[in-house]
Amino acid sequence: MAGRLAALRSRIAAAAQIHGREPEEVTLIAVSKTHPTEAIVRLFDLGQRHFAENYLQEAVQKITALQNRQIIWHFIGQLQSNKTRAVAENFDWVHTVDRAKLADRLSAQRPIDAAPLEVCVQVHLGDETNKGGVLPEDLPALLDHVASLPRLRLRGLMAIPPEEPTPEAQRRWFAQLRKAFDRARQQHSGLDTLSMGMSADLEAAIAEGSTHVRIGTALFGPRSTNAQRD
Ligand SMILES: *Cc1c(COP(=O)(O)O)cnc(C)c1O
């Protein structure tokens, strides 16, 4: 685990430096879905603080078990209306808001004694029907709406673009999100988060300005395919 974390930090630092960026501009989010609580503790003890989960039942169990550690929890799974309360009550961040209704519910359900929920709006890139995200043409209205809600703090954009065979092709998708981000910042100057890049494509994402990479496999190894979902 220590070796994988060190190797990953070097990959991030190298990618940042090639593109004239500081390694500290890129936050590593460890995607711990399907992996046991003990693996999270090992990474935490090595200094990792940001973790992400996709499946709520599994996530809430882990968050409860690790309550006494200062972990920053990110929700990156597909969001449904009947799941918003568990996100609002347990997570620090959510990266997958793609409809006004979800934002309304998250804001209404965020506990008053908690800090506002940090929100990235997920943008749909490509035409894969199995992936969520707001269409780019509907993005400005959704950003205005999220920014108006009292218990949410709009931080930026997230996307999971289609997989491409070459880094150049991968970069073109990330460049699209980057352009949407630059436009969004003209409306909402406080935006500071571009959540893009996973184990296979983090270099291409960092080249295009990613501030948060979401890494599972390169840290924890492969996920078993019969992982429990909720
Ligand atoms: C699982 C997942 C990741 C991590 O993917 P790896 O390829 O294992 O690094 C990142 N982002 C999202 C939204 C995911 O669901």
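Its first residue numbered 24, the sequence shown is counted upward by one per residue in my numbering. Idealized CB from N, CA, C, for every residue including glycine. Remember, it's a predicted structure, so these values are computed and weren't measured experimentally.
- Contact between G155 and Q93 fails: their C-beta atoms lie close to 30 Å from each other, not under 8 Å.
- E151 and P185 do touch by the CB rule: their CB atoms are close to 6 Å apart, below 8 Å.
- If you check the C-beta of M221 against ligand 1, you find a heavy atom less than 7 Å away.
- Between ligand 1 and T240, a heavy atom-to-CB distance of less than 7 Å is present.
- If you compare the alpha carbons of G239, R128, E226 with that of G43, the shortest gap goes to E226.
- When DSSP states are grouped into helix, strand and coil, S130 belongs to the helix group.
- Sequence-distant partners of L125 (beyond 5 residues in either direction) whose C-beta falls short of 7 Å from its own C-beta, in its chain, are L102, S104, T107.
- With a beta-carbon spacing of about 11 Å, L180 and L165 fall beyond the 8 Å limit used to define contacts.
- By the Cβ-count criterion, G220 is buried, with 16 or more other Cβ atoms from all chains shown falling within 10 Å of its own Cβ.
- Put simply, the region 129-142 touches the region 167-179. At least three CB pairs are less than 8 Å apart.
- Of the candidates E45, R195, P188, the residue whose Cα lies closest to the Cα of A182 is R195.
- When secondary structure is reduced to three states using DSSP, Q145 falls in the strand class.
- With a cut-off of 8 Å on Cβ pairs, the region 51-60 is in contact with the region 237-248, counting three or more such pairs.
- The three-state reading of DSSP puts G179 in strand, counting E and B together.
- In the three-state reduction of the DSSP assignment, R237 falls in the strand class, which pools E and B.
- Under DSSP, L140 takes part in a beta bridge, and its partners are L175.
- Look at K106: its beta carbon is at least 7 Å from all of the heavy atoms in ligand 1.
- Non-local beta-carbon contacts of F204 in its own chain, meaning distances under 6 Å to residues more than five positions away in sequence, involve L180, L217 in chain order.
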